[in-house]
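Chains as they are written, first to last, in the working numbering: chain A, 27 to 177; chain B, 441 to 545. Reviewing the structure listed below.
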Amino acid sequence: MIRKDLVFVHQELNCSADVITFVAEAADCAGLLNNPEEFTKAVFRRETEISTSIGYEIAIPHGKTDAVKEAFIAYIGLSKPFEWDSQTKDLVSMVFLIGVPEKNTDRLHLKAISEVSKKLINEDFREKLITCQSNEEAFILLDSINQGIEK
Amino acid sequence: MKIVGVAACITGVAHTYMAQEAIEQECKKRGYEVKMETQGGMGIENELSEEEIAAADVVIMAVAIGIEGEERFEEKEDSGKILTLNPAEVIRNPSATIDKALSLL
């Protein structure tokens with residue numbers, strides 16, 4: 027569910043659009059998208075409806091669209107926090123970008139995404155995540171959440 | 441103190457479950473009993489029974505969409521014991537959310 031190739035720390039990205047484009051490319055390389063452009067559009071569309079910044083320096087942009095082949099959650103840790111949008115003016119240092127197919131979503135994937143989301147409410151967990159020094163370390167931490175999920 | 445509620449966001453992927461977690465954590469911190477139903481991508485989970493709703497002191501609706509089984513809450517609605525907020529707001533301010541809910545009592 028959490029994939030090694032979609033976990034990134036210390037990324038030097040400076041605006042939400044760059045983060046979204048960056049993840050769309052990575053997800054496309056991982057073979058998770060039918061149509062990266064359409065996916066990017068869907069995420070932007072959702073973002074303009076209402077900001078996905080949730081406080082705690084976290085944003086959870088997401089797209090639910092047929093452009094997604096298989097549900098995924100990507101993590102991007104930013105080397106320097108930036109203002110996520112002009113609506114909230116929140117500074118963001120951690121981004122979780124979620125892609126979900128419009129129909130036929132695998133339940134197990136959704137469960138995994140919901141478990142990660144819940145974990146973000148926990149301050150200790152956020153602290154651990156932001157101090158991860160490598161993609162590998164962040165991946166192991168995020169992956170550990172889903173070890174207990176029943177198949 | 442017994443608090444129940446429903447969390448449901450537009451896409452039903454993340455906010456729903458984060459709002460659930462935020463309220464549950466804050467209630468546990470305060471030693472309150474809590475049960476949050478979720479209506480999201482995985483359907484209805486942790487479903488509230490009529491009895492559980494009746495026994496609750498106050499109801500928190502962290503919802504951005506219409507929910508299933510709204511009629512279960514009619515009695516609480518009539519007695520003014522329901523707080524309705526956007527899930528994003530609940531996630532941002534769990535403590536203020538519970539305070540606001542308690543102010544209905």
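Built from N, CA and C at the ideal position, the CB exists for glycine as well.
Exercise for the section: Could you have a look at R29(A) and say whether DSSP puts it in helix, strand or coil? Expected result: Numbered from 1 along the first sequence, position 3 holds the residue referred to as residue 29(A). Three-state DSSP puts R29(A) in a strand.
Practice task
Say whether chain A places a C-beta atom closer than 9 angstroms to the C-beta of Y457(B).
Solution key: Against the second sequence, residue 457(B) aligns to sequence position 17. Answer yes: the Cβ-Cβ gap between Y457(B) and chain A drops below 9 angstroms somewhere.
Exercise for the section: Kindly list, in the order they appear in chain A, the residues whose Cβ is closer than 9 angstroms to that of A528(B). Expected result: The residue labelled residue 528(B) in the question sits at position 88 within the second sequence. In chain order: I76, S77, T78, S79, I80 and G81.
Problem - Cross-strand partners of G520(B) (DSSP beta bridge) - result: Sequence index remark: in the second sequence, residue 520(B) carries index 80 (1-based). Paired residues: none, contrary to the question.
Practice task
Closer than 7 angstroms, Cβ to Cβ, to anything on chain B: give me those residues from the stretch 126-160 of chain A, in chain order.
Solution key: V126, T131, R133, L136, K137, I139, S140, S143, K144, L146 and I147
Problem - Beta carbon of K468(B) nearer than 9 angstroms to that of A496(B) - result: Within the second sequence, residue 468(B) is the residue found at index 28, counting from 1. Within the second sequence, residue 496(B) is the residue found at index 56, counting from 1. Their beta carbons are not under 9 angstroms apart, which means K468(B) does not touch A496(B) by this criterion.
Problem - Under the three-state DSSP convention, the category A528(B) falls into - result: Within the second sequence, numbered from 1, the residue matching residue 528(B) stands at position 88. A528(B): helix per DSSP, three-state reduction.
Handout entry: Min CB distance L46(A) to chain B below 9 angstroms
Key = Counting from 1 along the first sequence, the entry for residue 46(A) is found at position 20. The question names Leu, yet the displayed sequence has Ile at residue 46(A). Not one chain B Cβ lies under 9 angstroms of I46(A).
Exercise for the section: In angstroms with no decimal places, state the Cα-to-Cα distance between Q159(A) and K137(A). Expected result: Within the first sequence, residue 159(A) is the residue found at index 133, counting from 1. Within the first sequence, residue 137(A) is the residue found at index 111, counting from 1. If you take the alpha carbons of Q159(A) and K137(A), they lie about 27 angstroms apart.
Problem - C-alpha distance - L123(A) paired with Q37(A), whole-angstrom precision - result: Taking the first sequence and counting its residues from 1, one reaches residue 123(A) at position 97. Taking the first sequence and counting its residues from 1, one reaches residue 37(A) at position 11. Going from the Cα of L123(A) to the Cα of Q37(A) covers about 14 angstroms.
Handout entry: Three-state secondary structure (DSSP) of A504(B)
Key = Against the second sequence, residue 504(B) aligns to sequence position 64. Reduced to three states, the DSSP call for A504(B) is coil.
Handout entry: DSSP beta-bridge partners of S79(A)
Key = Reading the first sequence from its first residue, position 53 is the one you call residue 79(A). Bridge partners of S79(A): A85(A).
Exercise for the section: State the DSSP-derived secondary structure class of M120(A), mapped to helix, strand or coil. Expected result: As a position in the first sequence, residue 120(A) is number 94, starting the count at 1. Residue state, collapsed to three classes: strand.
Exercise for the section: Return the Cβ separation of I102(A) and F34(A) in integer angstroms, given the expectation that the two are a contact with Cβ distance under 8 angstroms. Expected result: Here residue 102(A) is taken as the residue at index 76 of the first sequence, counted from 1. Here residue 34(A) is taken as the residue at index 8 of the first sequence, counted from 1. The Cβ separation is near 5 angstroms, so the contact holds.
Problem - Residue environment, R532(B), which counts as buried when at least 16 other CB atoms sit within 10 Å - result: Locating residue 532(B) in the second sequence gives position 92, counting from the first residue. With 16 or more Cβ atoms within 10 Å of its Cβ, R532(B) is classed as buried.
Handout entry: chain A contact for M482(B) (CB, 9 angstroms cutoff)
Key = One-based indexing of the second sequence puts residue 482(B) at position 42. True, the Cβ-Cβ gap to chain A drops below 9 angstroms.
Practice task
Please confirm if V444(B) has its CB atom under 9 angstroms from at least one CB of chain A.
Solution key: Working through the second sequence from its first residue, we reach residue 444(B) at position 4. With 9 angstroms as the cut-off, V444(B) does not count as an interface residue toward chain A.
Handout entry: Spatially closest choice to E83(A) from I171(A), I156(A) and A164(A), by CA coordinates
Key = Sequence index remark: in the first sequence, residue 83(A) carries index 57 (1-based). For E83(A), the nearest C-alpha among the options comes from I156(A).
Exercise for the section: With a threshold of 16 other CB atoms inside 10 Å of the CB of T74(A), please say whether the residue is buried or exposed. Expected result: As a first step, residue 74(A) is located in the first sequence; it is residue number 48 there, counting from the start. Classification for T74(A): exposed.
Practice task
Give the single residue among A454(B), T451(B) and S543(B) whose Cα lies nearest to the Cα of V499(B).
Solution key: In the second sequence, counting from the first residue as 1, residue 499(B) sits at position 59. Ranking the options by Cα distance to V499(B), first place goes to S543(B).
Exercise for the section: Compare the C-beta of W110(A) against all C-beta atoms of chain B and say whether one is closer than 9 angstroms. Expected result: Within the first sequence, the letter at position 84 stands for residue 110(A). So no, W110(A) is outside the interface.
Exercise for the section: Could you tell me which residues DSSP pairs with I484(B) in its beta bridges? Expected result: In the second sequence, residue 484(B) corresponds to position 44, counting from 1. DSSP lists Q479(B) as partners of I484(B).
Handout entry: Selection of the stretch 80-101 of chain A by Cβ proximity to chain D, strictly under 7 angstroms
Key = Any reference to chain D falls outside this structure, whose protein chains are A and B.
Practice task
Please list the partners that E461(B) has in chain A, where partner means a Cβ-to-Cβ separation under 7 angstroms.
Solution key: Taking the second sequence and counting its residues from 1, one reaches residue 461(B) at position 21. The answer, in chain order, is K144 and I147.
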